[in-house]
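Enquirer:
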Amino acid sequence: MGMGRRTGMEVFNLLRPSREGRRFPGRGGWITLLDSESCFPTSGKSLHSNSAHPLTHHRPKGSPVYQAIVLICIILLICQRTVNVLGPLQLGTLVDSLGEGKLPYKEIILYVVYRALQGNQGVLGAARSLLWLPVSQSLFRRLSSAAFEHVLGLSLEFHLNKKVGEVTSALSRGASINTFLESFCFQVFPMVFDIFVAGVIFFVKYDAFYTIIVFFIMWSYIFLTIYVAKYRGKQRRDMTVKTREMEAVKTDAIVAYETVQHNCAVARETARFREHVTVFQRAERLVQWSLNGLNLTQSSIFTLGTALLVSVSAYKISIGEQTVGEFVSLINYFVQLQGPLNFFGTYYTMLQNNLIEAERLLDIFKETPGVVEKPDAIQLPSPKGEVSFNDVKFAYHVKKGDPVLDGINFTVAPGTKTAIVGESGSGKSTSLKLLFRFYDVTDGSITIDGHDLRDLKLESLRSNIGVVPQDTVLFNATIMYNLLYARPDATEADVYEACKAANIHERILNFPDGYETKVGERGLKLSGGERQRIAIARAILKDARILLLDEATASLDSHTERQIQDALERVTEGRTTITIAHRLSTITTSDQIIVLHKGKIVERGTHNELLAQGGRYHAMWEKQTTIEKKEKEKKELEGEASETGSQ
1 MGMGRRTGME
11 VFNLLRPSRE
21 GRRFPGRGGW
31 ITLLDSESCF
41 PTSGKSLHSN
51 SAHPLTHHRP
61 KGSPVYQAIV
71 LICIILLICQ
81 RTVNVLGPLQ
91 LGTLVDSLGE
101 GKLPYKEIIL
111 YVVYRALQGN
121 QGVLGAARSL
131 LWLPVSQSLF
141 RRLSSAAFEH
151 VLGLSLEFHL
161 NKKVGEVTSA
171 LSRGASINTF
181 LESFCFQVFP
191 MVFDIFVAGV
201 IFFVKYDAFY
211 TIIVFFIMWS
221 YIFLTIYVAK
231 YRGKQRRDMT
241 VKTREMEAVK
251 TDAIVAYETV
261 QHNCAVARET
271 ARFREHVTVF
281 QRAERLVQWS
291 LNGLNLTQSS
301 IFTLGTALLV
311 SVSAYKISIG
321 EQTVGEFVSL
331 INYFVQLQGP
341 LNFFGTYYTM
351 LQNNLIEAER
361 LLDIFKETPG
371 VVEKPDAIQL
381 PSPKGEVSFN
391 DVKFAYHVKK
401 GDPVLDGINF
411 TVAPGTKTAI
421 VGESGSGKST
431 SLKLLFRFYD
441 VTDGSITIDG
451 HDLRDLKLES
461 LRSNIGVVPQ
471 DTVLFNATIM
481 YNLLYARPDA
491 TEADVYEACK
501 AANIHERILN
511 FPDGYETKVG
521 ERGLKLSGGE
531 RQRIAIARAI
541 LKDARILLLD
551 EATASLDSHT
561 ERQIQDALER
571 VTEGRTTITI
581 AHRLSTITTS
591 DQIIVLHKGK
601 IVERGTHNEL
611 LAQGGRYHAM
621 WEKQTTIEKK
631 EKEKKELEGE
641 ASETGSQ
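For what it's worth, UniProt numbering labels the leading residue of the sequence shown as 1, then goes sequentially.
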């Protein structure tokens, strides 16, 4: 938590960070990524390694096993490059030997061995791929875990402003970075190396003219591919954006399933999704058209190169300057180079696609938490539970509009109950978010037992605060899993006692699978009252000194509300409790009631004191009691009418 969280800077190990370092570097991007330690996974070590860059010592840092694996893979890669040179030369030697009228056993065996070892599908390539697998998996595991942790460590504002579909899609891009690194290290770099070696071989064994032809063909091919790929990169990036938008529409509709059904909007959402699919396919067509054009041009360049080499070599054979074996070696070597180069466009496009897809992940790593833990933050020592708001001012956007809270001052004594009431937008829920430190105050301070929240470790602060929200969201898992989420080390007996106190134990036992019942997405298989009572049981299990109730009964019927209130009375006993209330009848026993209006405290006192003042609270009370009285009378009349009709 907090200081212990990994930011994008630390995840990629772009520098040698201290635990205080938290900002993404100015010279960031993918070159920095490639230049980083993260290309070489370690085992059993933190990503915050202070070790030198692995390339500095010509070997990766970390587990001896990974060091050995990487070293062996490098050796195998060098062997592959050597075999790529020896294979065509041996074929030429074999052809010349066959012309001597005897069976060249040695030449045949050597050629077969070289062919067996050659290429990514050969023995050397297969061995290298198998050995590299645990290294690749380690990198993916570390990167994905760090990205997930980083997102969970970002501020509430980030999560409120981003679509769930976009964030989850970006988090899945760790595989793209993995593929990029593997392709660069084991495909692109070796291919470029082979071209230079080919030039040297042609110059030494044949003459400079062949070298000029090969270099001209190869580099023309490469430069053309890169030039076209840059143009295609814009198209791919546009297609990726359209893909993300399409996925976001799909995710929104599925998450909001009930809303879609309530508004008979299946056809509307389907049409909306179909429209985004059409836009995506339009972008996809442009990508495919440009790819086909690129492939045709590349094929033409190779055809020209083959024609030149065959013509020149055939001429030299006719004048006795070259043997048939040398001709075969030359053409075989050129065709051998053509294979990887045919895939160069694919590799380059794939690398570019991987980078484009991973850009969103990198953007997320660049996001910094709005709430940052101080390097010298302390643990909250044995909290008593005194909470103080000291001239607190807060605005979500400092440069825009009036503050949400403006000069708030109040203290909640340990073990007492304080309620905060007011109209919508008065700053009630914001005050709880500030206390939980989802945001930092713009001015003033909030303290617990005299300690400024900004001086405390986030985990220490939040572990001492229990929350029962208005809308409880549960994980799509069992009831037991959701209950233990507050305290994983709790025993079954602890869970049962907490559920009994929350008036939910007997109800859970009536489910077919009891505590092992799956609650569904967001807990929607349970009723609102059941979810709230599970949230209360979870708060009991957490056993925090401070309890925040954010309109915990606002959306419940009166019968369920009474059951929840009974449970809350037991939970809040002896705990510092701050309640955000819509129904004033639920807070009449509070030790202190604070009335907010436009971000300011306009009244405070007990229920009876505020009624006696005849102010804003009195008006709110009168309005609610009048409405409740009318609703009660209406129900009584409906009941009488029902009885009369049945007679």
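Here a beta-carbon is modelled for each residue, glycine too, at the ideal position from N, C-alpha and C.
Use the C-beta contact count for Ala544: other C-beta atoms within 10 angstroms, 16 or more gives buried, fewer gives exposed.
Expert: buried
Enquirer: Quickly, what does DSSP pair Gly422 with across the bridge? List them, please.
Expert: Leu596
Enquirer: Does DSSP put Arg59 in a helix, in a strand, or in coil?
Expert: Below a pLDDT of 50, predicted positions are generally treated as unreliable, and Arg59, at 38, falls in that range; no measurement from the model is reported.
Enquirer: Once the 5 residues before and after Trp132 are set aside, which same chain residues still bring their CB inside 8 angstroms of it?
Expert: Ile69, Cys73, Glu182, Phe186
Enquirer: Return the CA-CA distance between Ile195 and Trp289, expressed in angstroms with no decimal places.
Expert: Approximately 29 angstroms, taken between the alpha carbons.
Enquirer: Starting from the C-beta of Val135, find all residues in its chain whose C-beta is less than 7 angstroms away, skip the five residues before and the five after it, and write them out in chain order.
Expert: Pro41, Tyr66, Ile69, Val70
Enquirer: State the start and end residues of the unbroken alpha helix (DSSP H) segment that holds Val151.
Expert: 123-152
Enquirer: With distances taken Cα to Cα, identify the nearest neighbour of Pro469 among Ser445, Thr442, Ala537.
Expert: Of the candidates Ser445, Thr442, Ala537, the one whose C-alpha sits nearest the C-alpha of Pro469 is Ala537.
Enquirer: Would DSSP call Gly101 helix, strand or coil?
Expert: DSSP places Gly101 in coil when its eight states are reduced to three.
Enquirer: Would you check if the distance between the CB atom of Leu309 and the CB atom of Leu330 is smaller than 8 angstroms?
Expert: yes
Enquirer: So Lys542 packs on Gly466, CB below 8 angstroms; how close in whole Å?
Expert: 5 angstroms
Enquirer: Just the Cα atoms here: how many angstroms apart are Glu423 and Arg236?
Expert: 49 angstroms
Enquirer: Is residue 648 helix, strand or coil when you go by DSSP?
Expert: Only positions 1 to 647 of the chain appear in this structure, which leaves residue 648 out of reach.
Enquirer: Using alpha carbons as the reference points, say which of Arg244, Arg604, Ile546, Thr82 lies closest to Glu359.
Expert: Arg244
Enquirer: Relative to the alpha-carbon of Asn295, which residue among Leu474, Thr225, Phe410, Thr306 has its alpha-carbon at the smallest distance?
Expert: Thr225
Enquirer: For the beta strand (DSSP E) containing Val467, name the first residue and the last one.
Expert: 465-468
Enquirer: Starting from the C-beta of Arg437, find all residues in its chain whose C-beta is less than 7 angstroms away, skip the five residues before and the five after it, and write them out in chain order.
Expert: Excluding sequence neighbours, Arg437 sits near Val371, Leu453, Leu458, Leu461.
Enquirer: Go to Lys393, then tell me how far its beta strand (DSSP E) extends in each direction, as first and last residue.
Expert: In the DSSP assignment, Lys393 falls within the beta strand (DSSP E) that extends over 387-394.
Enquirer: Roughly how many angstroms separate the alpha carbons of Ser313 and Lys366, rounded to a whole number?
Expert: 56 angstroms
Enquirer: State the Cα-Cα distance for the pair Asp391 and Gln565, rounded to the nearest angstrom.
Expert: 32 angstroms
Enquirer: Could you pull the DSSP bridge partners for Ser460 from this structure?
Expert: None, per the DSSP bridge assignment.
Enquirer: For the alpha helix (DSSP H) holding Phe223, just list the boundary residues, first then last.
Expert: For Phe223, the enclosing alpha helix (DSSP H) starts and ends at 208-255.
Enquirer: Closest by CA to Glu573, which one among Val123, Ile540, Leu139?
Expert: Ile540
Enquirer: Which two residues bound the contiguous alpha helix (DSSP H) that contains Ser445?
Expert: DSSP places Ser445 in no alpha helix (DSSP H) but in the uninterrupted beta strand (DSSP E) bounded by 443-448.
Enquirer: What residues in its chain sit with their C-beta under 7 angstroms from that of Phe215, if we drop five residues either side in the sequence?
Expert: Gly199
Enquirer: Quick check on the burial criterion: 16 or more other C-beta atoms within 10 angstroms. Buried or exposed for Val404?
Expert: buried
Enquirer: Keeping to the same chain, check which residues put their C-beta closer than 8 angstroms to that of Thr416; ignore five residues upstream and five downstream.
Expert: Thr576, Thr577, Asp591, Gln592, listed in sequence order.
Enquirer: Once you ignore the five residues that flank Leu89 on each side, which residues in its own chain have a CB closer than 7 angstroms to its CB?
Expert: Ser329
Enquirer: Which residues mark the beginning and the end of the beta strand (DSSP E) in which Asn409 is found?
Expert: 405-412
Enquirer: Would you call Lys630 buried or exposed, if buried means 16 or more other Cβ atoms sit within 10 Å of its Cβ?
Expert: exposed
Enquirer: Use the C-beta contact count for Leu103: other C-beta atoms within 10 angstroms, 16 or more gives buried, fewer gives exposed.
Expert: exposed
Enquirer: Taking 6 angstroms as the limit between beta carbons, can you name the residues of its chain near Arg128, skipping five residues before and five after?
Expert: For Arg128, where only same-chain residues beyond five positions count, the Cβ hits under 6 angstroms are Cys73, Leu76.
Enquirer: So what's Thr368 in DSSP terms, helix, strand or just coil?
Expert: coil
Enquirer: Cutting at 7 angstroms between CB atoms, please list the residues of its own chain near Phe158, excluding the five before and the five after it.
Expert: Glu367
Enquirer: Going along the chain, which residues of its own chain have a beta-carbon closer than 7 angstroms to the beta-carbon of Phe202, five neighbours each way excluded?
Expert: Tyr210, Thr211, Val214
Enquirer: Hey, is the stretch 91-105 in contact with the stretch 141-157, meaning 3+ C-beta pairs nearer than 8 angstroms?
Expert: no
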